[in-house]
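Right, one structure below, let's go through it.
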Amino acid sequence: METALKEKLEKIVEQVNVLMIDPDIEIEYCIPEVATTAEKCDINGGPYISVKHTDNKYIEKKIVLTDTYLKESSEKIASMITFTIEQFKLQVDANLMGA
Numbered sequence: 001m002e003t004a005l006k007e008k009l010e011k012i013v014e015q016v017n018v019l020m021i022d023p024d025i026e027i028e029y030c031i032p033e034v035a036t037t038a039e040k041c042d043i044n045g046g047p048y049i050s051v052k053h054t055d056n057k058y059i060e061k062k063i064v065l066t067d068t069y070l071k072e073s074s075e076k077i078a079s080m081i082t083f084t085i086e087q088f089k090l091q092v093d094a095n096l097m098g099a
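This is the structure:
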C-alpha cells in the first residue's frame, strides 16, 4: 500500500472515530495495514467499514472505500462516511419503532 494512501486511510479512521461516538452504533474496520477490527475481514471488494446497530446486529451496512471515494480529502471522506452512518441509524431506528 502506498504511504500517502495509508496515511489518508489512517486519518479517515481517526476522524470517523472522533465524529461517530454513538452508543447505538458499532463500527468495525476492514482496512488492512491500517485498522482491522472486524472479526471477518474480506478485502476482495476493497477496504471497508462495517456498521451495525447495537439493538440488531443482524442489520449491517458496509461502506466500501472505493477509488472514487479515495480521490477526495480525508476530511470529506470522513464526513461522507459519518453521514452514511447517521442515515443508516435513522433507517434502523425507524424500523425498530415500527415506522
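Per this note's numbering, residue 1 is the first one in the sequence shown, and the count goes up by one each step. In this text, a Cβ means the ideal position worked out from N, Cα and C, and glycines have one as well.
Worksheet entry | Within 7 Å, strictly: CB atoms of ILE81 and ILE63 | yes
Worksheet item: What is the DSSP secondary structure of ILE77, counted as helix, strand or coil?
Response: helix
Worksheet entry | Beta-bridge partners of VAL64, as assigned by DSSP | Here VAL64 is bridged, per DSSP, to TYR48.
Discussion item. Spatial neighbours of PHE83 within its chain, please: C-beta separation below 6 Å, excluding the five flanking residues on both sides.
Written reply: none
Worksheet entry | Beta-carbon spacing of GLU28, THR37 below 7 Å | Result yes, Cβ atoms of GLU28 and THR37 sit closer than 7 Å.
Worksheet item: Using CA coordinates, which residue listed in ALA4, ILE12, GLU7, LEU5 is at the minimum distance from GLU75?
Response: Minimum Cα distance to GLU75 is reached at ILE12.
Worksheet item: So what does DSSP say about ILE21, is it helix, strand or coil?
Response: In the three-state reduction of the DSSP assignment, ILE21 falls in the coil class.
Discussion item. I need the DSSP call for THR54, collapsed to helix, strand or coil.
Written reply: Three-state result, THR54: coil.
Fill in: Which of helix, strand or coil DSSP assigns to THR37
In the structure shown, THR37 sits in coil (DSSP, three-state: anything other than H, G, I, E or B).
Worksheet item: At a Cβ threshold of 7 Å, is LYS76 touching chain C?
Response: Included in the structure is just one protein chain, with no chain C present.
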